[in-house]
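Numbering (the numbering used here), first residue to last: 122 to 336. For every residue, glycine included, the Cβ atom is placed at its ideal position computed from N, Cα and C. Keep in mind it's a predicted model, so treat the numbers as computed, not measured. What follows is a single structure, written as structure tokens, with notes after it.
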């Protein structure tokens with residue numbers, strides 16, 4: 122179970138935070154993806170974005186880099202941002218969630234994000250995985266527009282990563298942050314997106330553990 126951890130090199134406390142969590146959760150097959158730092162953006166890279174901070178651009182490029190890695194090397198991989206906080210018994214829970222996915226899955230979002238969940242009326246006993254519609258205007262299936270649940274913690278399949286790389290290579294100018302961009306791409310590609318319940322990670326910048334580095 123490969124894990125890719127998106128990291129900004131200057132945030133040393135976050136790296137230590139992630140190393141400690143990986144060790145405690147017995148997660149050994151991981152690597153940091155940190156070659157797209159906001160201090161190292163080239164003029165060419167920045168020219169493809171408008172109305173975004175260098176931190177937001179850097180984050181998008183790091184996620185894009187993860188998709189390339191998955192496409193080239195793995196059947197699937199977990200993507201973490203470096204402020205994620207894992208639930209107890211995370212390893213067993215995520216392995217169970219992944220095992221419950223259908224064969225045609227593309228992405229699984231398993232984090233708390235901004236507190237968005239599958240509506241209670243859709244929840245079923247002993248069911249942890251729920252299909253999320255990708256219609257940008259449909260709120261019925263998840264309570265919010267679109268299919269993403271914040272990109273701090275999710276799983277991407279190889280076939281999804283391959284398509285993402287193709288779409289990304291054809292992008293002209295991007296004016297929206299990653300979460301919204303993924304919503305649009307997922308809608309365009311009609312990916313099979315799933316959310317888990319209960320969630321098994323929370324975002325450290327959402328609960329006050331860390332300050333945001335995007336601004």
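- Cβ contact annotation for residue 300 (same chain, cutoff 7 Å, sequence separation greater than five): 269, 271 and 272, in chain order.
- Closest by C-alpha distance to residue 157, out of 151, 186 and 288, is 186.
- When Cβ pairs closer than 8 Å are counted between the two stretches, the stretch 166-183 is seen not to touch the stretch 240-252, the count staying below three.
- Straight-line spacing of the CA atoms in residue 195 and residue 213 works out to 20 Å.
- For residue 174, there is no enclosing beta strand (DSSP E), as DSSP marks it with neither H nor E.
- Counting the other CB atoms within 10 Å of its CB gives residue 294 a total below 16, which places it among the exposed residues.
- Per the DSSP secondary-structure output, residue 198 pairs in a beta bridge with 277.
- By the beta-carbon neighbour count (other beta carbons within 10 angstroms, threshold 16), residue 154 is buried.
- Membership of residue 165 in any beta strand (DSSP E) is not indicated; the residue belongs instead to the alpha helix (DSSP H) covering 164-167.
- Taking a C-beta distance under 8 Å as the contact criterion, residue 197 and residue 286 do not qualify as a contact pair.
- Secondary structure of residue 154 (DSSP, three-state): strand.
- Residue 163 is classed as exposed because its beta carbon has fewer than 16 other beta carbons within 10 Å across all chains shown.
- If you draw a straight line from the Cα of residue 249 to the Cα of residue 219, it is about 10 Å long.
- Taking every protein chain shown into account, the CB of residue 235 has fewer than 16 other CB atoms within 10 angstroms, so this residue is exposed.
- Residue 204 counts as buried, since no fewer than 16 other beta carbons sit within 10 angstroms of its beta carbon.
- Secondary structure at residue 315: strand, using DSSP grouped into helix, strand and coil.
- Secondary-structure assignment with DSSP links residue 324 through a beta bridge to 205.
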